[in-house]
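Asks: First the structure, which I've put down as structure tokens, then a few questions once you've had a look.
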Amino acid sequence: MKEQELDPLRKEILGAVENAESREALEEVRISALGRKGRLTALMKTLGTLEAEARRAAGAALNRLKADVEAAIAAAAERLHHKDMEARLAGERVDVTLPVEVGGEGRVHPISQTIDELSAIFGEMGFKVAEGPHIEDDFYNFTALNIPAEHPARQEQDTFYLMGAAGTRPEARKVLRTHTSPVQIRTMQAQKPPIRIIVPGRTFRSDHDATHSPMFHQVEGLVIDKHIHMGHLKGCLIEFCRAFFDIDDLPVRFRPSYFPFTEPSAEVDIGCSREGGGLKIGAGADWLEILGSGMVHPKVLANCGVDPAEYQGFAFGMGIERIAMLKYGIPDLRIFYESDLRWLRHYGFAALDQPSLITGAR
Ligand code: 2NL
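If you count the sequence shown from 1, you need to add 255 to reach this note's numbering.
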């Protein structure tokens, strides 16, 4: 069997591969050529009847053809996959500019709802909402915040680092921000005090289990002005906790703590009761930690070009999933990002139901 004798078969099979208009049709072509009863397979089986020399030449020719057919099928599969994808994308196109259908099926995700609610509460206190990039420099995410080089948060296990070009210095690699603080750093650099902002948004840590997601949401707040002191911090956060949970006499407790970026630092607990197994927020014998806070460290102010002799301020941070779960009785963190419609219909909020200052939509 000479190479040329295979030419008509080669033409025929490659032509059929080229003409296959669906993945099913391509699979049929593959089976008819390379399947157990395929035409190439049948020719392969005849090799045994040939003389050694002829067998070697024919075997090599058949193997070349087989490899070419396989490569053509792989390329065609890729082409058809793209075609399917294009068709799907065209079919599933949604017009995000269409007006919301009042009373329709759509729901506001609890994370969006919670961000709307806390923005309304802090907005009433004079805070503006600030946003910034998810991909950050080491300086904005760590160095400016007085987080030392040996801090565990800087380690590979805890933080997502982006690949740099070969030979990129570790401190020159970009990171997915591990908190929203970089936005406060950028704000302090860009504008003169007084500053009163909250920064809700996505944050990222290399952590995944029942209670941790590699992507989660935080809100941080920052107030910088002349003569800001711990009393402002306490008043602001007590007010927030009571407004957010809609309990006027909610007990709020401040516990000494430590963060590299604040001094002094305090963790904030709210009263709760765990009687009878369930958790009930409000007066009770127990405490539940819900946020961290402190007076902005003078080094952090100086790192941002703010003179600590002239200005002071406080900052705080909390997890949005956590306070949403507490307020709305959502038991499991893992379902938050699964886009499960049954979950959304249960825990989601009606569109256009504006969050009020006190409780948000109900
Ligand atoms: C927590 C604690 C906190 C901050 C965040 C902050 C930001 C700047 C300067 C100083 Cl730019 N501090 N943020 C301060 C104290 C606590 O978060 O437990 N978050 C979930």
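Note that CB positions come from ideal geometry on N, CA and C, so glycine has one too.
Does DSSP put A573 in a helix, in a strand, or in coil?
Replies: Your numbering for residue 573 matches position 318 in the sequence shown. Before going further, note that residue 573 is Met rather than Ala in the sequence given. Reduced to three states, the DSSP call for M573 is strand.
Asks: Please report how far the alpha carbon of R457 lies from the alpha carbon of E333, in whole angstroms.
Replies: As a working mapping, residue 457 is identified with position 202 in the sequence shown. As a working mapping, residue 333 is identified with position 78 in the sequence shown. Roughly 34 Å between the two C-alpha positions.
Asks: Which of the three DSSP states, helix, strand or coil, is assigned to F500?
Replies: Walking along the sequence shown from the start, residue 500 turns up at place 245. Three-state DSSP puts F500 in a helix.
Asks: Beta-carbon within less than 6 Å of D393's beta-carbon, same chain only, minus the 5 sequence neighbours each way: which residues are those?
Replies: One-based indexing of the sequence shown puts residue 393 at position 138. Excluding sequence neighbours, D393 sits near E426.
Asks: Does the separation of the CB atoms of T433 and N396 fall below 8 Å?
Replies: Here residue 433 is taken as the residue at index 178 of the sequence shown, counted from 1. Here residue 396 is taken as the residue at index 141 of the sequence shown, counted from 1. Yes. Within cutoff.
Asks: Answer yes or no: do V555 and A420 have a C-beta to C-beta separation smaller than 8 Å?
Replies: Start at 1 with the first residue of the sequence shown, and residue 555 comes out as number 300. Start at 1 with the first residue of the sequence shown, and residue 420 comes out as number 165. Not in contact: V555 and A420 (Cβ atoms no closer than 8 Å).
Asks: Taking K321 as the reference, which of D504, A297, I402 and D541 has the closest Cα?
Replies: Residue mapping note: residue 321 aligns to position 66 of the sequence shown, counting from 1. Of D504, A297, I402 and D541, the residue nearest in Cα terms is A297.
Asks: Going by the CB atoms, is the gap between F500 and I453 shorter than 8 Å?
Replies: Stepping through the sequence shown from its first residue, residue 453 is reached at position 198. Stepping through the sequence shown from its first residue, residue 500 is reached at position 245. No, the Cβ-Cβ distance between I453 and F500 is not below 8 Å.
Asks: Where in the stretch 494-573 do unbroken runs of the beta strand (DSSP E), each at least 3 residues long, occur, reported from the N-terminal end onward?
Replies: 507-514, 517-528 and 541-551
Asks: Which of the three DSSP states is assigned to I585 in this structure?
Replies: Position 330 of the sequence shown, counted from the start, is the residue given in the question as residue 585. I585 falls in the coil class under three-state DSSP.
Asks: Does the distance from the C-beta atom of I551 to that of A570 stay below 8 Å?
Replies: Counted from its first residue, the sequence shown places residue 551 at position 296. Counted from its first residue, the sequence shown places residue 570 at position 315. In the sequence as presented, Ile is not what sits at residue 551; that position holds Val. Contact flag set, yes.
Asks: Assign S436 to one of two classes, buried (16 or more other C-beta atoms within 10 Å of its C-beta) or exposed (fewer than that).
Replies: Mapped onto the sequence shown, residue 436 falls at position 181. Sixteen is the threshold: when 16 or more other Cβ atoms of the shown chains lie within 10 Å of the Cβ of S436, as they do, the residue is buried.
Asks: Decide if A538 is buried, meaning its Cβ has at least 16 other Cβ atoms within 10 Å, or exposed.
Replies: By 1-based counting over the sequence shown, the position of residue 538 is 283. Exposed, since its Cβ has fewer than 16 Cβ neighbours within 10 Å.
Asks: Three-state secondary structure (DSSP) at P449?
Replies: Here residue 449 refers to the residue found at position 194 of the sequence shown. P449: coil per DSSP, three-state reduction.
Asks: For M573, is the classification buried or exposed, using 16 other Cβ atoms within 10 angstroms of its Cβ as the cut-off for buried?
Replies: As a first step, residue 573 must be located in the sequence shown, where it is residue number 318. Buried is the call here.
Asks: For the beta strand (DSSP E) that contains G476, what are its first and last residues?
Replies: Against the sequence shown, residue 476 aligns to sequence position 221. Run containing G476: M470 to D480, per the beta strand (DSSP E) assignment.
Asks: Anyone know if the C-beta pair for G476 and S512 falls short of 8 Å?
Replies: Position 221 of the sequence shown, counting from 1, holds the residue named residue 476. Position 257 of the sequence shown, counting from 1, holds the residue named residue 512. Cβ distance not < 8 Å, so G476 and S512 don't count as in contact.
Asks: I need the DSSP call for P662, collapsed to helix, strand or coil.
Replies: The structure shown does not extend to residue 662, since the chain is modelled only from 256 through 617, so no value can be given for it.
Asks: Could you check whether the Cβ of F382 sits closer than 7 Å to any heavy atom belonging to the ligand 2NL?
Replies: For the purposes of this step, residue 382 is taken as residue 127 along the sequence shown, with counting starting at 1. Flag unset: Cβ of F382 not near the ligand 2NL.
Asks: Work out the CA separation of K429 and Y602 for me, nearest whole Å.
Replies: Within the sequence shown, the letter at position 347 stands for residue 602. Within the sequence shown, the letter at position 174 stands for residue 429. Those two C-alpha atoms are separated by around 36 Å.
Asks: Name, in chain order, the residues that DSSP records as bridge partners for A605.
Replies: Looking up residue 605 in the sequence shown gives position 350. Per DSSP, R362.
Asks: Quick check on DSSP: helix, strand or coil for K489?
Replies: Translated into positions along the sequence shown, residue 489 becomes position 234. In this structure, K489 counts as helix in the three-state DSSP scheme.
Asks: Does the structure place the stretch 272-282 close enough to the stretch 330-345 that three or more beta carbon pairs sit under 8 Å?
Replies: Contact between the stretch 330-345 and the stretch 272-282 is present, because at least three Cβ pairs lie under 8 Å.
Asks: Taking the beta carbon of S340 as the centre, do at least 16 other beta carbons fall within 10 Å, making it buried, or is it exposed?
Replies: The count along the sequence shown starts at 1 and reaches residue 340 at position 85. With the sequence shown as reference, residue 340 is identified as Met, and Ser is not the correct amino acid for it. By the neighbour-count rule (16 or more Cβ atoms within 10 Å), M340 is not buried but exposed.
Asks: Since F459 sits in a beta bridge, which residues does DSSP pair it with?
Replies: In the sequence shown, residue 459 corresponds to position 204, counting from 1. Per DSSP, M470.
Asks: Please tell me whether, using a cut-off of 7 Å, the distance from the CB of L543 to the nearest non-hydrogen atom of the ligand 2NL is below it.
Replies: Reading the sequence shown from its first residue, position 288 is the one you call residue 543. No, the ligand 2NL has no heavy atom inside 7 Å of this Cβ.
Asks: Pick helix, strand or coil for E391, following the three-state DSSP scheme.
Replies: Translated into positions along the sequence shown, residue 391 becomes position 136. E391: strand per DSSP, three-state reduction.
Asks: By Cβ distance below 8 Å, which residues in the same chain neighbour L295 in space, the five residues on each side in sequence not counted?
Replies: Position 40 of the sequence shown, counting from 1, holds the residue named residue 295. Cβ neighbours of L295 beyond the five flanking positions: L264, I268, A288, L289, L317, L320, K321 and V324.
Asks: Among I286, E347 and Q444, which one has its Cα closest to the Cα of D562?
Replies: Residue 562 sits at position 307 when you count from the first residue of the sequence shown. When only C-alpha atoms are compared, the closest one is Q444.
Asks: With which residues is V430 paired in a DSSP beta bridge?
Replies: Along the sequence shown, read from residue 1 onward, the residue named residue 430 stands at position 175. BP columns for V430 point to E391 and Y416.
Asks: On the DSSP letters alone, give me the boundaries of the alpha helix (DSSP H) that H337 sits inside.
Replies: Residue 337 sits at position 82 when you count from the first residue of the sequence shown. That run of the alpha helix (DSSP H) goes A307 to G346.
Asks: What did DSSP end up calling V284 once you bin it into helix, strand or coil?
Replies: Taking the first residue of the sequence shown as position 1, residue 284 is located at position 29. The answer is helix: DSSP assigns V284 an H, G or I state.
Asks: Between the Cα of R577 and those of I370, M380, E282 and R310, spot the shortest distance and give me the residue it belongs to.
Replies: Along the sequence shown, read from residue 1 onward, the residue named residue 577 stands at position 322. Cα-wise, what sits closest to R577 is I370.
Asks: Using DSSP with H/G/I as helix, E/B as strand and the rest coil, what is K257?
Replies: On the sequence shown, position 2 is the one that residue 257 refers to. K257 falls in the coil class under three-state DSSP.
Asks: So, using beta-carbon positions, are G526 and P506 closer together than 8 Å?
Replies: Within the sequence shown, residue 526 is the residue found at index 271, counting from 1. Within the sequence shown, residue 506 is the residue found at index 251, counting from 1. When the beta-carbon positions are compared, G526 and P506 come within less than 8 Å of each other.
Asks: With distance defined between alpha-carbon atoms, name the residue in A521, V523 and W542 nearest to E530.
Replies: Position 275 of the sequence shown, counting from 1, holds the residue named residue 530. Closest option to E530, Cα to Cα, is W542.
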